[in-house]
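Heads up, the sequence shown is in the numbering used here, so the first residue is -7 and it goes up one at a time. Each residue gets a CB set at the ideal place from its N, CA and C atoms; glycine is no exception. Given the structure is predicted, the values throughout are model-derived calculations rather than measurements. Accompanying notes for the structure given below.
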Amino acid sequence: MNVINHLKINHNIILNSQQEQAVLTVYGATLLLAVPGSGKTTVIIARIGNMINHHAILPEQILTLTFSVAAARDMQKRFVCIFGREFENRLQFKTIHSFCFMVIKQYERRMNTKAFEVLENNNQIIKQIYLELNKQYIGEDIIKEISQKIGYCKNMMLDKEDIENIILPDCDFYEIYKEYEAYKKQNQLMDFDDMLGYTFVILNKYPEILGKYQNQFQYFNVDEAQDTSFIQHQIIALLAKKSGNIFMVGDEDQSIYGFRAAYPKALLDFKESYKNAKILLMEQNYRSTRRIVEASSRFIQQNKDRYQKSMFCENAEGLEIDEIQLGNLNDQYKFITKVIKNEDPSKSIAILYRNNDSVVPIVDALEQEHIPFFIRESKPTFFSHFVVNDILCFIRLAQDGSDVEAFEKIYYKMNCSINKQMYEYVKVNSGENVFDTLLTMAELKDRVSNKIQEIKMDFLRLKDLSPLKALEYIELKMGYTSNLNSLSKKGYAKEPLVQKLNTLKSIASSRRSLDDFIERLTQLENIMQNSSSKASTLTLTTVHSSKGLEFDKVIMVDVIDGQFPSLESIKQMEDRNNPSLFEEEVRLFYVGITRAKSELGIITSSLLNKDRIRTSRFVRHLMFNPKEQVKRNQIGKSKKLKKVSEDELRSYDIGTHITHKVFGVGIVKSVCDGIIDVEFAKYGSKKLMLLTCLENNLLKKVLKCDELDRPKSF
-7 MNVINHLKIN
3 HNIILNSQQE
13 QAVLTVYGAT
23 LLLAVPGSGK
33 TTVIIARIGN
43 MINHHAILPE
53 QILTLTFSVA
63 AARDMQKRFV
73 CIFGREFENR
83 LQFKTIHSFC
93 FMVIKQYERR
103 MNTKAFEVLE
113 NNNQIIKQIY
123 LELNKQYIGE
133 DIIKEISQKI
143 GYCKNMMLDK
153 EDIENIILPD
163 CDFYEIYKEY
173 EAYKKQNQLM
183 DFDDMLGYTF
193 VILNKYPEIL
203 GKYQNQFQYF
213 NVDEAQDTSF
223 IQHQIIALLA
233 KKSGNIFMVG
243 DEDQSIYGFR
253 AAYPKALLDF
263 KESYKNAKIL
273 LMEQNYRSTR
283 RIVEASSRFI
293 QQNKDRYQKS
303 MFCENAEGLE
313 IDEIQLGNLN
323 DQYKFITKVI
333 KNEDPSKSIA
343 ILYRNNDSVV
353 PIVDALEQEH
363 IPFFIRESKP
373 TFFSHFVVND
383 ILCFIRLAQD
393 GSDVEAFEKI
403 YYKMNCSINK
413 QMYEYVKVNS
423 GENVFDTLLT
433 MAELKDRVSN
443 KIQEIKMDFL
453 RLKDLSPLKA
463 LEYIELKMGY
473 TSNLNSLSKK
483 GYAKEPLVQK
493 LNTLKSIASS
503 RRSLDDFIER
513 LTQLENIMQN
523 SSSKASTLTL
533 TTVHSSKGLE
543 FDKVIMVDVI
553 DGQFPSLESI
563 KQMEDRNNPS
573 LFEEEVRLFY
583 VGITRAKSEL
593 GIITSSLLNK
603 DRIRTSRFVR
613 HLMFNPKEQV
623 KRNQIGKSKK
633 LKKVSEDELR
643 SYDIGTHITH
653 KVFGVGIVKS
663 VCDGIIDVEF
673 AKYGSKKLML
683 LTCLENNLLK
693 KVLKCDELDR
703 PKSF
């Protein structure tokens, strides 16, 4: 019995023609491009079974490399499930790092030497080096960024000049990099990315070691190839050079780890890299409804650096994708709790966000309503960020004017001419209100003295304000906005810093006192650190961490320009004509929307607190359906246009009941830049150009219509 029939008869797995072609392709170099939900893992497993059972290939000759330890274990488990335990201990499913560790151990034995010890966590070393070079402590977020940059350098095989050109705010990255490398060498340590570099050198320098692995492994499977780094691709190419048998599976449309040095260009250059290479496609999505699949397929095609694919599905049409326009973006937390409460508890639901900070007010809202949840990233860095600590120091100093420790953290962030010499004076003469102490300094200029008197009064006012008013006062009246502007000029991205403030405001808005606010932050940190139980059907996760997962229902939050896509990606595309970062943001959004099986909701608004914001251009692109637009344009052809007054346009506001010649009755959900979002009784949510509809007599107001019944999805 061949493998195709084995899958069908014994496991009820029926492969489509593209999957069959991939399973039956055994020899040579093949790149399999697999769209989301296309069953790539099943195909990889089935192909290995076919190689062993029908081509007499020894299991020991097959090496399968994948992205994570969990994925490697899952593949081995699924192979056993389909083909039994006969070959379980003869097949190797590994991460690239575990393979490299094996090569290094072989080098040890061959050279009768001892390799460096593996450094599993470099945070403390980076923290100490930064302190020695910059004379200040740093938070976990900056440590993480430096660590990622170091890994990026090694994975991209950057030379000295390229590393020197990497810029981080308030530090010399190259100096940190040099000190870090020197520390490891002195202490005979290697990190996980060093394993890649050492393996690459060993395989190039010692032909006998390379030959050993080329002879041992003659068939290579590479999963998640779009997330494989440049140096990893170089190692794989060395291994596969002799046999030429490499089966690479990935999707450049799902490459979202550029900050970790993922190198999707290797997929685009596959035919140039491997002789007589062929490219196969798996385009059928088995996960999502037709509406989600078609909209996702249209959306990703805006990217240029990609293979042309036509993702399709044979599933039901399903519900419309729902753009949920709220009056204020802060209303999304109440909206989410209301939706979750009314859902079937057995339904898997994910709330996805671009940045980790977005989860904090969501947790705040869910916990207050006693709704259980699971956070995939359970180690929050938000609470240790300097912006959060700064705000807490402002409050502490307001509550206790003699708190020198709090004063030390923020004296230069008040925009009031207090310098380090003045701080040292306070430190030596502490014991009373720090501002009263400052006013006792000799030769204090009148201008500075007046400024200190003003800031003292600001702190006295601050302690009596509500938490939300206090944060706004710190931001606007006490100079903290000026501090953030100064930081942005030094190289800090301003938007993430502002998001920290907005997150704090969201939490502060439901707290009665400053003590209550501070206590709530402590509670939330503890809640998030201990929310790793997977028992809940509600998952909170970044889009990055959602990759490879699927949910019945997906709700995406904070989908606004500047956050998703990031402001930096927009700037690089528009100002520098460099679309690479923007295209990765497109891919990230694509990954997010393709997690949804049945329902997809995207929350947007034009207002955040008191500030105007802009709905993400991604939402506008996703919701635009050219077929419907053509139909609307054809309706209006060859007709005399009706004159429409400004008053008539303004009369179509939120809550207006209307009837449309094509879509029937509906209610206006939102109005923005001449576009109305209408919830129709039979057709769901539609975006319409108000002026065009009125000019063509397609639309008119009606009295409240009981026929309208909002779909049950959101």
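Residue i, DSSP secondary structure in three states
| i | result |
| --- | --- |
| Val18 | coil |
| Lys692 | strand |
| Gln300 | coil |
| Tyr255 | coil |
| Asp603 | strand |
| Ile627 | Unreliable positioning characterises Ile627 in this predicted model, as indicated by a pLDDT of 40, which lies under 50. The coordinate reading is nonetheless provided below. Three-state result, Ile627: helix. |
| Met182 | strand |
| Asp133 | helix |
| Leu24 | strand |
| Ser340 | coil |
| Glu435 | coil |
| Thr529 | coil |
| Lys679 | strand |
| Phe239 | strand |
| Val622 | Caution applies to Val622, whose pLDDT of 45 falls short of 50 and renders its modelled position unreliable; the value that the coordinates give is listed next. Looking at Val622 - three-state DSSP - the assignment turns out to be helix. |
| Met548 | strand |
| Ile6 | coil |
| Gln84 | strand |
| Lys270 | strand |
| Gln98 | helix |
| Tyr484 | coil |
Opening and closing residue of the alpha helix (DSSP H) in which residue i lies
| i | result |
| --- | --- |
| Asn42 | Lys32 to His46 |
| Glu511 | Leu506 to Gln521 |
| Asp567 | Leu559 to Arg568 |
| Cys664 | It is not in any alpha helix (DSSP H) - Cys664 instead sits in the beta strand (DSSP E) that spans Gly656 to Cys664. |
Beta-carbon proximity of residue i to residue j, cut-off 8 Å
| i | j | result |
| --- | --- | --- |
| Leu682 | Gly666 | yes |
| Phe366 | Thr531 | yes |
| Ile96 | Tyr172 | no |
| Val396 | Val440 | no |
| Ile223 | Leu181 | no |
| Ile158 | Ile135 | no |
| Ser280 | Ala588 | yes |
| Ser265 | Ala254 | no |
| Arg503 | Pro557 | no |
| Leu489 | Leu479 | yes |
| Ala342 | Phe543 | yes |
| Gln360 | Leu506 | no |
Nearest residue (CA-CA) to residue i, options the options
| i | options | result |
| --- | --- | --- |
| Ser338 | Glu577, Glu560 and Ser528 | Ser528 |
| Phe212 | Gln218, Asp428, Ala232 and Lys197 | Ala232 |
| Asp645 | Lys653, Gly658 and Lys634 | Gly658 |
| Asn407 | Glu467, Asp456, Ala14 and Leu454 | Glu467 |
| Met149 | Lys170, Asn114 and Phe192 | Phe192 |
| Thr34 | Asn8, Ile292, Phe451 and Glu566 | Asn8 |
| Val380 | Ile228, Phe672 and Leu476 | Leu476 |
| Phe251 | Glu576, Ala308, Asn617 and Leu633 | Glu576 |
Sequence-distant residues of the same chain with beta carbon closer than 7 Å to residue i, five excluded per side
| i | result |
| --- | --- |
| Leu641 | Leu682 and Leu683 |
| Val(-5) | Val15, Ala38, Gly41, Asn42, Asn45 and His46 |
| Glu699 | Interpretation of Glu699 is limited by its pLDDT of 45, a score under 50 that renders its predicted location unreliable; the figure taken from the coordinates is listed afterwards. So the list reads Val657 and Ala673, once near-sequence residues are dropped. |
| Val27 | Asp243, Met274, Glu275, Asn277, Lys301 and Met303 |
| Val285 | Asn277, Met303, Phe304 and Cys305 |
| Lys106 | Glu100 |
Start and end residues, beta strand (DSSP E) containing residue i
| i | result |
| --- | --- |
| Asn213 | Tyr211 to Val214 |
| Ser597 | Ala588 to Ser597 |
| Ile668 | Ile667 to Phe672 |
Sequence-distant residues of its chain with Cβ nearer than 6 Å to residue i (five each side left out)
| i | result |
| --- | --- |
| Gln206 | Lys234 |
| Cys163 | Asn126 |
| Gly143 | Asp185 |
| Gln555 | Arg346 |
| Lys539 | Val583 |
| Leu195 | Leu202 and Leu230 |
| Ile595 | Ile316, Gln324 and Val549 |
| Val551 | Ile594, Thr596, Ser608 and Val611 |
| Ile292 | Asp245 and Tyr582 |
| Thr56 | Phe85 and Asn213 |
Other residues of its chain near residue i: CB distance less than 8 Å, five sequence neighbours each side excluded
| i | result |
| --- | --- |
| Phe262 | Ala21, Leu23, Met240, Ala269 and Ile271 |
| Lys419 | Val396 and Glu400 |
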